[in-house]
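Visitor:
2 protein chains.
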Amino acid sequence: MSTLTAPLESIVAAASAAAPAFAATTAQSRAQALVAVANALEGEKPRLVEIAMRETGLTEARLTGEVTRTAVQLRLMADAIVDGGYLDARIDQADADFVLGARPDIRRSLTPLGPVINFSASNFPFAFSVMGGDSAAILAAGCPLIVKAHSGHPELSDATAEVATRALAGAGMPAGIFHLIHGRDAGIAVLQDARVKAGSFTGSIRVGRLLADIAASRPAPIPFFGELGSVNPVFITADAIAERAGEIAAGYLTSVTGSAGQLCTKPGFVFAPEGSTLPAAIKSVAGHPGEHRLLDPRIATGFATRRDEVLGSPGVTPIVEGGVRFDEQGHGWATPTVVAVSLENFRAGHDALVEESFGPLSIIVETPEGTDLASLMPEFYEGNLTGTLHLSAQEATGTTANAAELQSLVTAMSHQVGRVLFNGWPTGVAVTPAQQHGGPWPATTNDSSTSVGTAAITRFLRPVAFQNAPQAFLPDALRDDNPLGVPQEIAAAGLSQEWGARWE
Amino acid sequence: MSTLTAPLESIVAAASAAAPAFAATTAQSRAQALVAVANALEGEKPRLVEIAMRETGLTEARLTGEVTRTAVQLRLMADAIVDGGYLDARIDQADADFVLGARPDIRRSLTPLGPVINFSASNFPFAFSVMGGDSAAILAAGCPLIVKAHSGHPELSDATAEVATRALAGAGMPAGIFHLIHGRDAGIAVLQDARVKAGSFTGSIRVGRLLADIAASRPAPIPFFGELGSVNPVFITADAIAERAGEIAAGYLTSVTGSAGQLCTKPGFVFAPEGSTLPAAIKSVAGHPGEHRLLDPRIATGFATRRDEVLGSPGVTPIVEGGVRFDEQGHGWATPTVVAVSLENFRAGHDALVEESFGPLSIIVETPEGTDLASLMPEFYEGNLTGTLHLSAQEATGTTANAAELQSLVTAMSHQVGRVLFNGWPTGVAVTPAQQHGGPWPATTNDSSTSVGTAAITRFLRPVAFQNAPQAFLPDALRDDNPLGVPQEIAAAGLSQEWGARWE
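Line by line, the protein sequences are chains E and X.
Quick note on numbering: this note's numbering labels position 434 of the first sequence as 434, and the sequence is numbered without any gaps.
Just add 1000 to wherever you are in the second sequence, counting from 1, and you've got this note's numbering.
1) What is the DSSP secondary structure of E/Gln488, reduced to helix, strand or coil?
2) On the DSSP bridge assignment, give the partners of E/Thr227 in chain order.
3) Exposed or buried, what is X/Glu1369 when buried is set at 16 or more other beta-carbons lying within 10 Å of its beta-carbon?
4) Is the beta carbon of X/Ser1129 closer than 9 Å to that of X/Ala1159?
5) Name the chain E residues that come within less than 7 Å of X/Asn1423, Cβ to Cβ?
6) On the three-state DSSP scale, how would you describe E/Ala141?
7) Does the stretch 387-406 of chain E come close enough to the stretch 226-234 of chain E that 3 or more CB-CB pairs lie under 8 Å?
8) Along chain E, in chain order, which residues have C-beta atoms closer than 7 Å to that of X/Asp1447?
9) In this structure, does DSSP put X/Ser1362 in helix, strand or coil?
10) Between which residues of its own chain and E/Gly261 is the CB-CB distance below 6 Å, once the five residues before and five after are set aside?
11) Can you tell me whether DSSP reads X/Met1001 as helix, strand or coil?
12) Looking at the structure shown, is X/Leu1343 part of a helix, part of a strand, or coil, going by DSSP?
13) Grab the span of the alpha helix (DSSP H) containing X/Arg1307 for me, first residue to last.
14) For X/Val1452, name the three-state secondary structure that DSSP assigns.
15) Please list, in chain order, the chain X residues whose beta carbon lies closer than 7 Å to that of E/Glu382.
16) Alpha carbon to alpha carbon, what distance is there between X/Thr1427 and X/Gly1255?
17) Considering Cα atoms alone, identify which of X/Lys1197, X/Val1354 and X/Ile1205 is closest to X/Leu986.
18) Cutting at 7 Å between CB atoms, please list the residues of its own chain near X/Arg1306, excluding the five before and the five after it.
19) Is it buried or exposed, E/Asp322, if we count other Cβ atoms within 10 angstroms and call 16 or more buried?
20) Quick check: what's the CA-CA separation for E/Thr337 versus X/Ala1015?
21) Kindly list, in the order they appear in chain E, the residues whose Cβ is closer than 7 Å to that of X/Trp1333.
22) Compare the C-beta of E/Met1 with all C-beta atoms of chain X and state if any pair is closer than 9 Å.
23) Which value, in whole angstroms, describes the spacing of the CA atoms of E/Gly142 and E/Arg90?
24) At the 9 Å Cβ level, is E/Ser217 part of the contact set with chain X, yes or no?
25) Which residues of chain X have a Cβ atom closer than 8 Å to the Cβ of E/Arg92, listed in chain order?
26) Show which residues of chain E have a CB atom less than 7 Å away from the CB atom of X/Pro1125.
27) Is the CB of X/Ala1014 under 9 Å away from at least one CB in chain E?
28) Are X/Val1431 and E/Leu48 closer than 9 Å when you measure CB to CB?
29) Count the other CB atoms, across all protein chains shown, that sit within 10 Å of the CB of X/Ala1189; report buried if there are 16 or more and exposed otherwise.
30) Measuring only the C-alpha atoms, how far is X/Pro1289 from X/Arg1419?
31) Mind checking if X/Arg989 is an interface residue toward chain E, Cβ cutoff 9 Å exclusive?
32) Just reading off the beta strand (DSSP E) that E/Ile319 is part of, what are its end residues?
33) Mind listing which residues of the stretch 1396-1422 of chain X have their C-beta closer than 8 Å to chain E's C-betas, in chain order?
34) Is the beta carbon of E/Leu294 less than 9 Å from the beta carbon of E/Gly349?
35) Could I get the ranges of all uninterrupted alpha helix (DSSP H) runs contained in the stretch 366-414 of chain E, with 4 residues as the minimum, in chain order?
36) Which bits of chain X does E/Thr111 rub up against, with CB to CB less than 7 Å?
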């Protein structure tokens, strides 16, 4: 039945065998295990960061901060599950007078899907890799986890896995709940295995689509949560530029150049009024930025090609010229490139220009007075992770003459993105409960979910209802005596006669 | 760009154009519209039921009850949205001392996906058809609705659509939010259109898979919620039979024969101890049941073939013989068939026997003493909508010698079904908040959702977050003054230092 190699077969078999025991663990014990992993990663920070610097070219400051972020993600997920609210426990009391005839006692809560494969990202070797956000959500949900390591940081992946394995075992978790595998073929074979019940991924549109199609075309299809590509349009009003051009320019450059622009939320396009002082402000704050190594030679070559393509598109003018230099190992070292183009030339060169540039490059589109900004969203973009609006203090009150126009733009963005920002920059995604990191295709494969924030856990759960179950056979979260003290949403008997009555 | 015929193009364009206005309606106004549709359907009940009887062969009693159920579903959805809890509004307060550095104000709630196509079912001409459960959920969510009529009841579909259109307009809903189309090609063309954002379906595995594959392979894939096939295994203990064989036999026959067994939750298989009195009890309560017309000639032919196949499988013994008679119009008239087979012969004939029989046929599998019932679930079944256990009053206390064995069976069922029942029958799905009507493939295409119960609405929503948004540009549900009074889950500043601290 299985087409797996022997080592993969034993991994999938172990994950599958561990699923019932892991599903039966208490949220509290899983929370303790997640915190143990967080502590263990922080305890090994210097060693792990050293490997990561060598493998990814990211800076020590960035990577040190990323380990902390990863630990915080694990702790947030731990805290998110312990009160049991994530189980969405609902109890409908039996009701002899139910409007459609006597209704049984029905109780429903969420249960783990089973083994999940998570494909790591290249650009967050900690926070979206072996023990990153998706992994934390999968383990928090109670699903055995198989991580497919990213080929860009194999040694770090092994080292992280070793730390995590030890911490999970030390916290008393069942054996077999966590495995690391290497190689694309191995990842695909596991994704195709009937015992694997979901997949998650962070990476390119091309690979994400390939994997999503595999998940959807299995004999038994499974959900696949991919975070793919995004160009994150930003709109800046004339008044905002008049108010604080220098501040905006500085924030913009920081957001474009941080981590060499290799972030899924990098602002790829900025719409600003034609003839504004923004380009000059950017030029004046740019100075002489240092080089930053790109993640790997393949990404560097791709970025250099893409940059040439953008610079060669008709009407594109450099504001900050930047460049890419290749060293003897084939690594590319980039300095930031910012260009400007008129709306007319952006329209003409749309297909060449609108694609994501994965690296430190951003495009300013200069819009003539009277441009209907809201209509630019559906004209130029599919789904995106973010959309941003910079407005002046006066405009923020919603009382200026252009308030309706700005509201239309906000609404248009909310139809095509997962997060709408005001007076900020989309990089630096806050790890907080209400965060939404997702968006319509191709930003993600599934825009009803998020890969950051506590709602990320729900991706790996499914509901099961129990009808007229004796107390002895109910999950703890659904029992009358509620031994875990989880929030239970109770629909009392006798209410159905009133349904809709308020709205006659 | 579009490959739609002119009439379909105008329908999809109208639905797409109506989406922003419909998304902007208040939950209260949509609730009023849903109740108006419910009232209008009940007001036209005699006329609609007359058409339905002619087109489907279902009985007046069943169809009259189904109109009531449909109205109740609409009223339940109305009540489910008005308090705004379905929006899952979350507010993370800005936090200068956030553990990863100052965090912005982030607010998140759910927003409608946009136009949705719903493919109607054959077997519930009201409750899963034009204004059935999926349609109610789609409209409740604020998504424009395009219904593809089932070919089995085209006249009823038109009549229902006319009643609904009038009621929606009368309730002041925007034009263009509801359309009815006919024909499979039309349905597929609409499902493929980029402006359509999700699909729902109730029907066979074959057609559901076809449509799910189309939804997944679009240039921009969309979620597709299909409720497909299920055989709903039932397990009955020796003690339960000893306690109440007659009652169980009567309930079983009612569940198998109601609506001529053309229900997705019909109990297709019953596992009972070898040599029990259950077959005799069934025989004695069966009597001479009347004929019931099957929905359409195609379903009747399919059922007759399937019945012959089951009866011809080695070791299959009739308990209640039943049959199918065809009239001059090609309609099939069925009486119930119940057969028994040993576990050994069920194993031998598994591939032929285990498939769903859509009609009044059910198979009793007689299990030798000592059979590990829990292991039969993964051995014989993929996903199912339901799994049922009948046990004695003493066994229900969880204190009998076989309690651990019964718990294993319950756990095994919960891994493969969406609803686990005790001492009841899976037909007659209660329309209540905690209901779960869904299950692992092939019961549904997406087992993290339900098509009955208030959680059904969430299928047609996606989250959007707002970061540092001025109050004037926030959706009402996320504003500080909370003008709609919706539940807001607030993460206060200053808590992040504590994350995980409890679990050190």
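Don't be surprised by glycine CBs; every beta carbon is placed ideally from N, CA and C.
Guide: The relevant details are as follows:
1) Strand, per DSSP.
2) Note on identity: in this sequence residue 227 of chain E is Glu, with Thr being the wrong assignment. Residue pairing for E/Glu227: DSSP places it in a beta bridge opposite E/Thr202 and E/Thr444.
3) The C-beta of X/Glu1369 has fewer than 16 other C-beta atoms within 10 Å across all chains shown, which makes the residue exposed.
4) Result no, Cβ atoms of X/Ala1159 and X/Ser1129 do not sit closer than 9 Å.
5) Here the neighbours are Asn468.
6) Here E/Ala141 sits in helix by DSSP.
7) Contact holds between the stretch 226-234 of chain E and the stretch 387-406 of chain E, because three or more Cβ pairs, one in each stretch, are under 8 Å apart.
8) Residues of chain E with a Cβ closer than 7 Å to the Cβ of X/Asp1447 are, in chain order, Arg462.
9) Residue state, collapsed to three classes: strand.
10) Excluding residues within five positions, the ones whose Cβ falls inside 6 Å are Gly359 and Pro360.
11) For X/Met1001, the predicted model reports a pLDDT of 44, less than 50, meaning its position is unreliable and no value from the coordinates is stated.
12) Of the three classes helix, strand and coil, the one that applies to X/Leu1343 here is helix, per DSSP.
13) Taken as a continuous stretch (DSSP letters only), the alpha helix (DSSP H) holding X/Arg1307 covers Pro1297 to Leu1311.
14) Looking at X/Val1452 - three-state DSSP - the assignment turns out to be coil, as it is neither helix nor strand.
15) Taking the beta carbon of E/Glu382 as reference, the chain X residues within 7 Å of it are Ala1220, listed in sequence order.
16) Here the sequence assigns Ser to residue 1255 of chain X, which means Gly is not the residue at that position. When rounded, the distance between both Cα atoms is 6 Å.
17) Here chain X covers residues 1001 to 1504 and nothing more, so residue 986 of chain X does not appear.
18) Result list for X/Arg1306: Ser1357, in chain order.
19) Note on identity: in this sequence residue 322 of chain E is Gly, with Asp being the wrong assignment. Buried, since its Cβ has 16 or more Cβ neighbours within 10 Å.
20) Counting only the Cα atoms, X/Ala1015 lies some 42 Å from E/Thr337.
21) Correct list: empty, because the minimum Cβ distance to chain E is about 28 Å.
22) For E/Met1, the predicted model reports a pLDDT of 44, less than 50, meaning its position is unreliable; a value from the coordinates is still stated below. Interface with chain X (9 Å Cβ-Cβ cutoff): E/Met1 is excluded.
23) Distance between the alpha carbons of E/Gly142 and E/Arg90 is about 20 Å.
24) Cβ-Cβ to chain X under 9 Å: yes for E/Ser217.
25) Residue identity check: residue 92 of chain E is Asp in the sequence provided, not Arg. Under a criterion of Cβ atoms nearer than 8 Å, the residues of chain X adjacent to E/Asp92 are, in order, Ala1430, Thr1432, Pro1433, Ala1434 and Gln1435.
26) The contacting residues do not exist; X/Pro1125 stays about 17 Å from chain E at best.
27) Taking Cβ atoms only, chain E never reaches closer than 9 Å to X/Ala1014, which makes this a no.
28) Not closer than 9 Å, so no.
29) With 16 or more other Cβ atoms from the protein chains shown falling within 10 Å of its own Cβ, X/Ala1189 counts as buried.
30) Put simply, the backbone Cα of X/Pro1289 is about 29 Å away from that of X/Arg1419.
31) Residue 989 of chain X is absent from the model: chain X starts at 1001 and stops at 1504.
32) DSSP places E/Ile319 in the uninterrupted beta strand (DSSP E) bounded by Thr317 to Val320.
33) Contacts with chain E (Cβ-Cβ distance below 8 Å) from the stretch 1396-1422 of chain X involve Ala1396, Thr1397, Gly1398, Thr1399, Ala1403, Leu1406, Gln1407, Val1410, Thr1411, Ser1414, His1415, Val1417, Gly1418, Arg1419, Val1420, Leu1421 and Phe1422, listed in chain order.
34) When the beta-carbon positions are compared, E/Leu294 and E/Gly349 stay at least 9 Å from each other.
35) Unbroken alpha helix (DSSP H) runs of no fewer than 4 residues, entirely contained in the stretch 366-414 of chain E, are found at 373-380, following chain order.
36) For E/Thr111, the chain X residues whose C-beta falls within less than 7 Å of its own C-beta are Ser1414, listed in chain order.
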